[in-house]
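Asker: Just so we're on the same page, the working numbering is the position in the sequence shown counted from 1, plus 8. Glycine included, each C-beta is placed from N, C-alpha and C at the ideal position. The structure under discussion is supplied below as structure tokens; questions concerning it will follow.
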Amino acid sequence: MQDISTQLIHHPYRAPADFEAPQQGVFKASTVVFPNVAAMRTREWKDKSAYTYGLHGTPTTFVLEERIATLEGGLQTVLVPSGLAAIANVALALLKTGDEVLIPDNAYGPNKTLAEGELAAFGITHQYYNPMDVADLAARITPRTKLVWLEAAGSVTMEMPDLIAQARLCRERGVVSALDNTWGAGLAFNAFDLDGHGLAVDLTAQAVTKYPSGGGDVLMGSVTTRDLGLHMKIKLTHMRLGLGVGGNDAEAVLRALPSIALRYHAQDKAARQLARWCLNQSAFAQVLHPALDGSPGHAHWRQLCGAADARGQGAAAGLFSVVVDARYTQAQVDAFCDALKLFKLGYSWGGPVSLVVPYELATMRNQGWPAHLAQGTVVRFATGLEAADDLQADLQQALAAALPG
Ligand SMILES: *Cc1c(COP(=O)(O)O)cnc(C)c1O
Numbered sequence: 009m010q011d012i013s014t015q016l017i018h019h020p021y022r023a024p025a026d027f028e029a030p031q032q033g034v035f036k037a038s039t040v041v042f043p044n045v046a047a048m049r050t051r052e053w054k055d056k057s058a059y060t061y062g063l064h065g066t067p068t069t070f071v072l073e074e075r076i077a078t079l080e081g082g083l084q085t086v087l088v089p090s091g092l093a094a095i096a097n098v099a100l101a102l103l104k105t106g107d108e109v110l111i112p113d114n115a116y117g118p119n120k121t122l123a124e125g126e127l128a129a130f131g132i133t134h135q136y137y138n139p140m141d142v143a144d145l146a147a148r149i150t151p152r153t154k155l156v157w158l159e160a161a162g163s164v165t166m167e168m169p170d171l172i173a174q175a176r177l178c179r180e181r182g183v184v185s186a187l188d189n190t191w192g193a194g195l196a197f198n199a200f201d202l203d204g205h206g207l208a209v210d211l212t213a214q215a216v217t218k219y220p221s222g223g224g225d226v227l228m229g230s231v232t233t234r235d236l237g238l239h240m241k242i243k244l245t246h247m248r249l250g251l252g253v254g255g256n257d258a259e260a261v262l263r264a265l266p267s268i269a270l271r272y273h274a275q276d277k278a279a280r281q282l283a284r285w286c287l288n289q290s291a292f293a294q295v296l297h298p299a300l301d302g303s304p305g306h307a308h309w310r311q312l313c314g315a316a317d318a319r320g321q322g323a324a325a326g327l328f329s330v331v332v333d334a335r336y337t338q339a340q341v342d343a344f345c346d347a348l349k350l351f352k353l354g355y356s357w358g359g360p361v362s363l364v365v366p367y368e369l370a371t372m373r374n375q376g377w378p379a380h381l382a383q384g385t386v387v388r389f390a391t392g393l394e395a396a397d398d399l400q401a402d403l404q405q406a407l408a409a410a411l412p413g
């Protein structure tokens, strides 16, 4: 008779395999057990035909990868521990000493920080380009350019670039184009068919942290491709850097994914109601939301995202920014943010709680203050899932308290 501890670990019972339920079960593993040495020597994980080690995938992560690939309009996806890790995985897979990466001036800030830190230290150079001027991007592409980052809409200032022209330019010049698709989330437009005729970016990175998770409680990222060779480059770097994700996090995202379109469009609707209301508030010199007529790149948004929802309203993330009129001091703007009660101070977005962040834009743009922006302090709002009228009342009371007309 074996000891009880041995019996509990090596228990003979196997549950029947044909269990089916609405949600995918969560498999957690570092060690994966092989039936024999031959299997250990021959099993292949790179094509998802078998399992070898937790870092290389489990049924839970394989299923989530396939669903994110479908969401993005791609064919292959790798999951990484954060949206920023997705950006880093792409850069480290595709760039080597002597290469150059081009990044839009309104990119997600840490993408720039990575280029200025580790990439620069590895002898990889970078240039920032004007996201609203395709000719500026074209002029910066040289034989050393090996990666162009695209972002639509841009971070914080919400400019919608001419993504179709940018992707076409990269294709014509033979440079890999990588779209940070966190804003569009695979729902506002199809990054792998931008023009309805198959024009595609080469890869998308997404902060799964935002809309796919939807809970404000998971950090994860994804890199999606439609080219197997490019996918394998990303995947081998992913393996060498050890960027696997945990089963519980993957399961949380799988549970949230069926409602992503409902949440995306609900947060979009609320954000547009609030953005339109903000247009009429004299404290705000400018409201930045690509679906607003007059917001930078609005025509590009209509072209790219105008048909993306059934109501014919087009689609957008639940994000907008305001430029608080320059007649107010920084202390008054800070007091406005502090006075908000439903909008919490915090980074990220896509979760149930509405969020607000004041930004020091002058320190974030390398090409100077954008000509299309009014002077003042930029404040970004992200709508959660609270009722839009309650959020509007919150904005109104904070305005009255801190930014009197
Ligand atoms: C949040 C965000 C990221 C990074 O995601 P994390 O999971 O927080 O690392 C990358 N790109 C964009 C556009 C984002 O908004």
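In three-state terms, what does DSSP make of K154?
Answerer: strand
Asker: Let me know the secondary structure DSSP gives A293 once reduced to three states.
Answerer: strand
Asker: Which value, in whole angstroms, describes the spacing of the CA atoms of T78 and L87?
Answerer: 14 angstroms
Asker: Since I believe G91 is in contact with Q214 (beta carbons under 8 angstroms), could you give me their beta-carbon distance rounded to a whole number of angstroms?
Answerer: 7 angstroms
Asker: Tell me which same chain residues have a C-beta within less than 6 angstroms of the C-beta of A325, skipping the five on either side of it?
Answerer: W191
Asker: Regarding K157 and ligand 1, is the C-beta to nearest heavy atom distance less than 7 angstroms?
Answerer: The sequence given here has Trp at residue 157, not Lys. No.
Asker: Kindly examine ligand 1 and report whether one of its heavy atoms sits closer than 7 angstroms to the Cβ of G91.
Answerer: Yes - ligand 1 has a heavy atom lying nearer than 7 angstroms to the Cβ of G91.
Asker: Straight-line CA distance for G407 to Y137?
Answerer: At residue 407 the sequence reads Leu, which differs from the Gly that was named. Their Cα atoms are separated by approximately 35 angstroms.
Asker: For the candidate residues L145, D107 and G358, whose alpha-carbon lies nearest to that of A269?
Answerer: For A269, the closest of L145, D107 and G358 by C-alpha to C-alpha distance is G358.
Asker: For ligand 1, is there any heavy atom lying closer than 7 angstroms to the beta carbon of T190?
Answerer: Remark: the C-beta of T190 is in contact range of ligand 1, defined as less than 7 angstroms to any heavy atom.
Asker: Let me check understanding here. Comparing Cα to Cα, which of I242, V261, H18 and G125 lies closest to M228?
Answerer: Residue V261 is the option with its Cα nearest to M228.
Asker: Following the continuous alpha helix (DSSP H) through I95, name the residue where it begins and the one where it ends.
Answerer: G91 to L102
Asker: Straight-line CA distance for T133 to I17?
Answerer: Computed Cα separation, rounded: 53 angstroms.
Asker: By the three-class DSSP mapping on this structure, what secondary structure does A213 have?
Answerer: strand
Asker: By Cβ distance, which residues of its chain are closer than 8 angstroms to N44, with the 5 residues on each side in sequence left out?
Answerer: There are no such residues.
Asker: Looking at the structure shown, is L227 part of a helix, part of a strand, or coil, going by DSSP?
Answerer: coil
Asker: If we ignore side chains and look at the alpha-carbon of each, how far apart do M48 and L83 end up?
Answerer: 28 angstroms
Asker: Report the CB separation of L155 from A186 in whole angstroms; it is logged as a contact under 8 angstroms.
Answerer: 6 angstroms
Asker: In whole angstroms, give me the CA-to-CA distance for S267 and R280.
Answerer: One C-alpha to the other measures close to 20 angstroms.
Asker: Under the three-state reduction of DSSP, which class applies to P366: helix, strand or coil?
Answerer: strand
Asker: By alpha-carbon positions, which one of L411, P139 and G392 ends up nearest to A278?
Answerer: G392
Asker: Can you look up G125 in the DSSP assignment and give me helix, strand or coil?
Answerer: helix
Asker: Shortest alpha-carbon distance to S303 belongs to which of A283, Q321, A193 and L312?
Answerer: A283
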